[in-house]
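Read top to bottom, the protein sequences are chains Z, A and B.
Heads up: the first sequence begins at 1 in the numbering used here, then just goes up one per residue.
Heads up: the second sequence begins at 357 in the numbering used here, then just goes up one per residue.
Heads up: the third sequence begins at 713 in the numbering used here, then just goes up one per residue.
This report refers to the structure that appears directly beneath it.
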Amino acid sequence: VREGKQITLGALAEAIGGEPEGDLNLVLSGASGLEDAQPGVLVRVEHPKFLEAALACPAAAFLTTRDLKAPGKPLVRVKEVKLAFARCLELFYPEERPQPGIHPTAVVDETASVGEGATIGAYTVVGKHARIGSGAVLHPHVVIGDYAQIGEECVIFPQVVIYDQVVVGARSRIHSGAIIGADGFGFVWDGRRHYKVPQVATVQIGSDVEIGANTCIDRGTTSDTVIGSGTKMDNQVQVGHNVATGPDCLLIAQVGIGGSTTLGRGVVLAGKVGVADHVRIGDGVVAGALTGIWRDTPAGARISGNPARPHRDMLRIWHATPRLPELLRRVGALERRLGIHEPASDPEEDVPGESG
Amino acid sequence: VREGKQITLGALAEAIGGEPEGDLNLVLSGASGLEDAQPGVLVRVEHPKFLEAALACPAAAFLTTRDLKAPGKPLVRVKEVKLAFARCLELFYPEERPQPGIHPTAVVDETASVGEGATIGAYTVVGKHARIGSGAVLHPHVVIGDYAQIGEECVIFPQVVIYDQVVVGARSRIHSGAIIGADGFGFVWDGRRHYKVPQVATVQIGSDVEIGANTCIDRGTTSDTVIGSGTKMDNQVQVGHNVATGPDCLLIAQVGIGGSTTLGRGVVLAGKVGVADHVRIGDGVVAGALTGIWRDTPAGARISGNPARPHRDMLRIWHATPRLPELLRRVGALERRLGIHEPASDPEEDVPGESG
Amino acid sequence: VREGKQITLGALAEAIGGEPEGDLNLVLSGASGLEDAQPGVLVRVEHPKFLEAALACPAAAFLTTRDLKAPGKPLVRVKEVKLAFARCLELFYPEERPQPGIHPTAVVDETASVGEGATIGAYTVVGKHARIGSGAVLHPHVVIGDYAQIGEECVIFPQVVIYDQVVVGARSRIHSGAIIGADGFGFVWDGRRHYKVPQVATVQIGSDVEIGANTCIDRGTTSDTVIGSGTKMDNQVQVGHNVATGPDCLLIAQVGIGGSTTLGRGVVLAGKVGVADHVRIGDGVVAGALTGIWRDTPAGARISGNPARPHRDMLRIWHATPRLPELLRRVGALERRLGIHEPASDPEEDVPGESG
Chain Z
1 VREGKQITLG
11 ALAEAIGGEP
21 EGDLNLVLSG
31 ASGLEDAQPG
41 VLVRVEHPKF
51 LEAALACPAA
61 AFLTTRDLKA
71 PGKPLVRVKE
81 VKLAFARCLE
91 LFYPEERPQP
101 GIHPTAVVDE
111 TASVGEGATI
121 GAYTVVGKHA
131 RIGSGAVLHP
141 HVVIGDYAQI
151 GEECVIFPQV
161 VIYDQVVVGA
171 RSRIHSGAII
181 GADGFGFVWD
191 GRRHYKVPQV
201 ATVQIGSDVE
211 IGANTCIDRG
221 TTSDTVIGSG
231 TKMDNQVQVG
241 HNVATGPDCL
251 LIAQVGIGGS
261 TTLGRGVVLA
271 GKVGVADHVR
281 IGDGVVAGAL
291 TGIWRDTPAG
301 ARISGNPARP
311 HRDMLRIWHA
321 TPRLPELLRR
331 VGALERRLGI
341 HEPASDPEED
351 VPGESG
Chain A
357 VREGKQITLG
367 ALAEAIGGEP
377 EGDLNLVLSG
387 ASGLEDAQPG
397 VLVRVEHPKF
407 LEAALACPAA
417 AFLTTRDLKA
427 PGKPLVRVKE
437 VKLAFARCLE
447 LFYPEERPQP
457 GIHPTAVVDE
467 TASVGEGATI
477 GAYTVVGKHA
487 RIGSGAVLHP
497 HVVIGDYAQI
507 GEECVIFPQV
517 VIYDQVVVGA
527 RSRIHSGAII
537 GADGFGFVWD
547 GRRHYKVPQV
557 ATVQIGSDVE
567 IGANTCIDRG
577 TTSDTVIGSG
587 TKMDNQVQVG
597 HNVATGPDCL
607 LIAQVGIGGS
617 TTLGRGVVLA
627 GKVGVADHVR
637 IGDGVVAGAL
647 TGIWRDTPAG
657 ARISGNPARP
667 HRDMLRIWHA
677 TPRLPELLRR
687 VGALERRLGI
697 HEPASDPEED
707 VPGESG
Chain B
713 VREGKQITLG
723 ALAEAIGGEP
733 EGDLNLVLSG
743 ASGLEDAQPG
753 VLVRVEHPKF
763 LEAALACPAA
773 AFLTTRDLKA
783 PGKPLVRVKE
793 VKLAFARCLE
803 LFYPEERPQP
813 GIHPTAVVDE
823 TASVGEGATI
833 GAYTVVGKHA
843 RIGSGAVLHP
853 HVVIGDYAQI
863 GEECVIFPQV
873 VIYDQVVVGA
883 RSRIHSGAII
893 GADGFGFVWD
903 GRRHYKVPQV
913 ATVQIGSDVE
923 IGANTCIDRG
933 TTSDTVIGSG
943 TKMDNQVQVG
953 HNVATGPDCL
963 LIAQVGIGGS
973 TTLGRGVVLA
983 GKVGVADHVR
993 IGDGVVAGAL
1003 TGIWRDTPAG
1013 ARISGNPARP
1023 HRDMLRIWHA
1033 TPRLPELLRR
1043 VGALERRLGI
1053 HEPASDPEED
1063 VPGESG
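And the structure:
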């Protein structure tokens, strides 16, 4: 656990809107989960079942719920522990913001505009007519294309590439290696070769979006790819051309979304989900990890499996699947009992890893 | 829709080899699909069922087939609408080519050669004895290794890394974040640790290849990894060491290909397909998204599922799968009818997301 | 096959601890597999079944097992051919090490320390208080964050980003595009938006770790993400926050590991394996490609499928699966025979690619 800023129990409780118990002048210097507790830190204790372990750990204070009993232990009670814990981390460990200004090695085109208080890091390149919002941070080694726009207070980590014309809304945060606005994948066979369909639209990213490391969002063919405000993407996500996501979606690592697909508001796609192209996913759909989505999916559906099915049905199928070999045997026995001769139609299936 | 170049209906028809109808002097300023139509643009109308919507939209003209009837509407008739549309996009939105020349911040080794008319962008690094073909564009922040060769008229986007000795053919296009020629994954357990097998061969990429953002192609162990001319790869594709693909393959996003696997001519692997190592995939094989390929696959096969099966068989299996729980029940009923007592062998399967 | 250093048969045998046969002064200039054999090279012949082809190939000598008979052919006998071959590749093709020193264009913060004999490439940026170990190689275009530590003799390829505070052990090797220490994916819904949980811990990477191109390892929330010494990761692997892997794991391309999951010693996850969050994988577990792991997995298990099952069971299921449509028909026939009328409950399943 990193040493954080020093904050008294009383000040912390006030800052996060919680009720303190114990010495208000107790100085805390960090926050952690129970398993990493160290002297001086505040630990999160969300459930009474962890109380015993919490009391035994060296932490100085608890962040806990309204009704947990821990007589004598300094603590802060809040309604939503997870949310309050996030706020505590902000307070103890404020993100260091690089000095505003343009690093002498940055190459900013003379036609580009850079807002007040923005930071342009070493070797960062800003193209023609690009606009960097006030207070934005471009870390070192960022490349911003011509006519691109980066909203105010955005943070762009090293080695992000923003292609020409891409628009990023305010306060968005883009992690290293993310590539925004590369060509969508479009080719037509012309009888001799795959003829390239130029991808002449761009990408519009809303405000308060987070984009994970090495995630790719392709530019549109003739209409823009659109990412709704408040949407958060993990690492290595792939978003095809002409996709539109609603606001507040969560796309977990290694999700892939085919071209022209649309996601409603608040859609959650867990890790490695694949979505075909030209599919409409309704508001609030939740897809479990590894789901393969091929069809339009109604709002509110909870789905899993490949091809995706309602999660409830998929559970039944997953339960039944290991009994399939047994079922074959049992049906054979029934047939024999009734004197039915089924031809042995074993397709001599070739399955993976047989010899291994 | 971006404002494109201004082109008259007559000039456009001539350029794409189509038959114009209406005022040949009508000035068009862009092209789009129907859903983005704006005044002044040409829209693609590929099927009569869209005719009504097309007539109601503000577009100035249609790009359409030989036989669509739209009396009074300016249009261009072509045989292949998709292909002609790609050409229209080229004409309205020609890709801007950066000025030739070597940016003063580029670090080009004195032993490297740079062809006539090539562009070397800001901060791009070109290694010893590397050769950059004439007319090639290396955008800013590209790294070209020692002895690497980049063919004429290639376009390499920012933050591509080309390792030592890699050869890229003419007119290839490599998007940001792609990594060509990193070590293949080879280790031998020596009793104490995973001992590294040096990867001493390289990667040979044909001409007219497109490589998507953050795609990786590993260098070979002792024989080169080879990508056939005209092959197009989407984003986040992974190609293992010693792989050889034929010409004109299409590898969609997040495909992964194991070491020493070979792909014939014109193979299509849809999104997230995984191919084991040492597998031979014949000419023209088409694998649906999420297919897991473990075995040699004959030319022309259309496959899907994991493990991959002929698509036709897989459809039957996918249809039958949701009936598996019902089947268990029905077989139980049959057994009861015949007085057979099957021991309850329920393996108490542990399936994902049960509690959720 | 690249031209390698010239080494005599005798010297090579001595260097790799093998038994030479034939002219000890025979000069060899490279090593390859059988399919790439060229005059002057040593080829690997691991199994007698390849002997005939080996004798017909132009190679100058064989690297082979203790008991292979090839009268008159120069050869080196070893106990472990694969391992000895790796050593031969090292000897013939030693990796070129860039000149030590700091390139004039590198931006190294004055508070950073750079060990003796280290190389800092063109445009590489080293942050405040960072420590670069002796003999480490940072290729061009690497970004090292504040307070990060790179162990001695590490090799970091171009365009790797090491975020603040990340620690990398000695002799580790990180390929281009890898992103170490980006934020873990943590958000709490606060009723209006996904509220970010600051990720204030970091990543600790052991010694002798290899990390593939475009792989991402996220920083921890309040406890560090930890990669055990000797672990090797392929390209495009995703490791979530708070994960801990044991030593000597192998993570093949496109593996994804959810947050807070732990892997024991020597775990092998083949290509595209997905592991849920908060899962414990025991020592020596081997998961086949495309496995989906949702639950704790005991040491030594060999698993495959999604949801993962013991590989042996999964083989039976994979064999039985294609017979499911036939089984439906057979059960229907049994019911008709017994006069049972099952209502036709066909759920009109919607499956992928039906129309295609």
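From the three backbone atoms N, C-alpha and C, an ideal C-beta is built for every residue, glycine too.
| field | For E802/B, three-class secondary structure by DSSP | value | In the third sequence, counting from the first residue as 1, residue 802/B sits at position 90. Helix at E802/B.
| message | Less than 9 Å between the beta carbons of R1091/B and I340/Z, yes or no? | response | Residue numbering for chain B in the displayed model covers 713 to 1068; residue 1091/B lies beyond these limits and cannot be assessed.
| field | Residues of the segment 659 to 693 of chain A whose Cβ lies closer than 8 Å to any Cβ of chain B, in chain order | value | S660, N662, P663, R665, H667, D669, L671, R672, I673, W674, H675, A676, T677, P678, R679, L680, E682, L683, R686, V687, A689, L690, R693
| field | CA-to-CA distance, C444/A to V222/Z, given in whole angstroms | value | Your numbering for residue 222/Z matches position 222 in the first sequence. Your numbering for residue 444/A matches position 88 in the second sequence. The sequence given here places Thr at residue 222/Z; Val does not occur at that position. The straight-line gap from Cα to Cα measures roughly 12 Å.
| query | How big is the Cα-Cα spacing for V62/Z and L42/Z? | reply | As a position in the first sequence, residue 62/Z is number 62, starting the count at 1. As a position in the first sequence, residue 42/Z is number 42, starting the count at 1. According to the sequence displayed, residue 62/Z carries Phe and not Val. If I take the Cα positions, the gap works out to 5 Å.
| field | Three-state secondary structure assigned by DSSP to P48/Z | value | Mapped onto the first sequence, residue 48/Z falls at position 48. Helix.
| field | Three-state secondary structure assigned by DSSP to S711/A | value | Walking along the second sequence from the start, residue 711/A turns up at place 355. Note that S711/A scores 49 on pLDDT, short of 50, meaning its location in the model is unreliable; the coordinates nonetheless yield the value given after this. It is coil, neither helix nor strand.
| said: On the CB-based measure, 16 or more other CB atoms within 10 Å of its CB, does E153/Z come out buried or exposed? | reply: The residue labelled residue 153/Z in the question sits at position 153 within the first sequence. Buried, since its Cβ has 16 or more Cβ neighbours within 10 Å.
| request: Could you list which residues in chain B have their beta carbon closer than 8 Å to that of S385/A, in chain order? | output: Here residue 385/A is taken as the residue at index 29 of the second sequence, counted from 1. Here the premise fails: no neighbours, minimum Cβ distance about 37 Å.
| field | Residue closest to K781/B, alpha-carbon to alpha-carbon, out of A798/B, C769/B, H759/B, A796/B | value | Residue mapping note: residue 781/B aligns to position 69 of the third sequence, counting from 1. For K781/B, the nearest C-alpha among the options comes from H759/B.
| request: Just mark E348/Z as buried or exposed, buried being the case when its beta carbon has 16 or more other beta carbons within 10 Å. | output: Residue numbering aside, residue 348/Z sits at position 348 when the first sequence is read from its first letter. Reliability of the predicted coordinates at E348/Z is poor, the pLDDT of 49 falling under 50, and the value obtained from them is presented with this limitation in mind. E348/Z is exposed by the Cβ-count criterion.
| Cα-Cα separation, Y406/A to G378/A | As a working mapping, residue 406/A is identified with position 50 in the second sequence. As a working mapping, residue 378/A is identified with position 22 in the second sequence. Per the sequence shown, residue 406/A should be read as Phe rather than Tyr. Computed Cα separation, rounded: 20 Å.
| field | C-alpha distance - D546/A paired with P812/B, whole-angstrom precision | value | Translated into positions along the second sequence, residue 546/A becomes position 190. Translated into positions along the third sequence, residue 812/B becomes position 100. Whole-angstrom Cα-Cα distance: 31 Å.
| request: Return the residue from the list T291/Z, G266/Z, W294/Z, L324/Z that minimises the CA-CA distance to G300/Z. | output: Mapped onto the first sequence, residue 300/Z falls at position 300. Of the listed residues, the one whose Cα sits closest to G300/Z is G266/Z.
| field | Proximity test, Cβ basis, 9 Å: W189/Z and chain B | value | In the first sequence, the residue the question calls residue 189/Z occupies position 189. Not an interface residue.
| request: May I have a chain-ordered list of the beta strand (DSSP E) segments no shorter than 3 residues that lie completely inside the segment 55 to 101 of chain Z? | output: 61 to 64, 75 to 77
| Proximity of Y907/B and H141/Z at Cβ, strictly below 9 Å | In the third sequence, counting from the first residue as 1, residue 907/B sits at position 195. In the first sequence, counting from the first residue as 1, residue 141/Z sits at position 141. It is not a contact, given that the beta carbons lie outside the stated cut-off.
| message | Let me confirm a value: T571/A is counted as buried when at least 16 other C-beta atoms fall within 10 Å, else exposed. Which label applies? | response | By 1-based counting over the second sequence, the position of residue 571/A is 215. T571/A comes out buried.
| field | Inter-stretch contact (C-beta, 8 Å, three-pair minimum) for the segment 723 to 733 of chain B and the segment 1027 to 1038 of chain B | value | Touching, no.
| query | Who are the neighbours of G258/Z on chain A, taking C-beta pairs under 7 Å? | reply | Start at 1 with the first residue of the first sequence, and residue 258/Z comes out as number 258. G627, listed in chain order.
| field | Whole-angstrom C-beta distance between G976/B and G958/B, which should lie under 8 Å | value | As a working note, residue 958/B is residue 246 in the third sequence. As a working note, residue 976/B is residue 264 in the third sequence. Their Cβ separation, rounded to whole angstroms, is 5 Å, which keeps G958/B and G976/B in contact under 8 Å.
| query | Curious, which full-length beta strand (DSSP E) runs of at least 3 residues does the segment 256 to 325 of chain Z contain? | reply | The beta strand (DSSP E) runs of length 3 or more contained entirely in the segment 256 to 325 of chain Z are, from start to end of the chain, 302 to 304.
| said: For T119/Z, list the residues DSSP reports as bridge partners. | reply: By one-based count along the first sequence, residue 119/Z stands at place 119. Answer is G101/Z, V137/Z.
| request: Specify, as a first and last residue, the run of the beta strand (DSSP E) that I917/B falls within. | output: As a first step, residue 917/B is located in the third sequence; it is residue number 205 there, counting from the start. Run containing I917/B: 915 to 917, per the beta strand (DSSP E) assignment.
| query | Roughly how many whole angstroms lie between the Cα atoms of P307/Z and R905/B? | reply | Along the first sequence, one-based indexing puts residue 307/Z at 307. Along the third sequence, one-based indexing puts residue 905/B at 193. Taking the straight line joining both Cα atoms gives about 31 Å.
| query | Based on Cα-Cα distance, which residue from V108/Z, I120/Z, A60/Z lies nearest to R97/Z? | reply | Reading the first sequence from its first residue, position 97 is the one you call residue 97/Z. Residue I120/Z is the option with its Cα nearest to R97/Z.
| query | Out of curiosity, what's the CA-to-CA distance linking G212/Z and G896/B? | reply | By 1-based counting over the first sequence, the position of residue 212/Z is 212. By 1-based counting over the third sequence, the position of residue 896/B is 184. Going by the C-alpha atoms only, they are around 9 Å apart.
| query | Whose CA, out of I180/Z, A270/Z, Q236/Z, V197/Z, lies closest to the CA of V226/Z? | reply | Translated into the one-based positions of the first sequence, residue 226/Z becomes position 226. V226/Z has its Cα closest to that of I180/Z, out of I180/Z, A270/Z, Q236/Z, V197/Z.
| If you run the structure through DSSP and keep just helix, strand and coil, what is I728/B? | One-based indexing of the third sequence puts residue 728/B at position 16. If DSSP states are grouped into helix, strand and coil, I728/B belongs with the helices.
| Shorter than 9 Å from the beta carbon of P404/A to some beta carbon of chain Z? | Within the second sequence, residue 404/A is the residue found at index 48, counting from 1. With 9 Å as the cut-off, P404/A does not count as an interface residue toward chain Z.
| Under 8 Å from the C-beta of I175/Z: neighbouring residues of chain B | The count along the first sequence starts at 1 and reaches residue 175/Z at position 175. First, the amino acid is wrong: residue 175/Z is His here, not Ile. Within chain B, the residues near H175/Z are I891, A894, D895.
| task | Assign A798/B to one of two classes, buried (16 or more other C-beta atoms within 10 Å of its C-beta) or exposed (fewer than that). | result | Locating residue 798/B in the third sequence gives position 86, where the first residue counts as 1. A798/B comes out buried.
| said: I'd like to know whether the C-beta of D858/B is nearer than 9 Å to at least one C-beta of chain Z. | reply: As a working mapping, residue 858/B is identified with position 146 in the third sequence. At least one chain Z Cβ lies under 9 Å of D858/B.
| field | Residue interval of the beta strand (DSSP E) (run including F541/A) | value | As a first step, residue 541/A must be located in the second sequence, where it is residue number 185. Neither: F541/A is in no beta strand (DSSP E) and is coded neither H nor E.
| task | Have a look at the DSSP bridge pairing and note the partners of Y551/A. | result | The residue labelled residue 551/A in the question sits at position 195 within the second sequence. BP columns for Y551/A point to V544/A.
| Can you list, in chain order, the residues of the segment 588 to 602 of chain A whose Cβ is nearer than 8 Å to any Cβ on chain B? | Q592, Q594, G596
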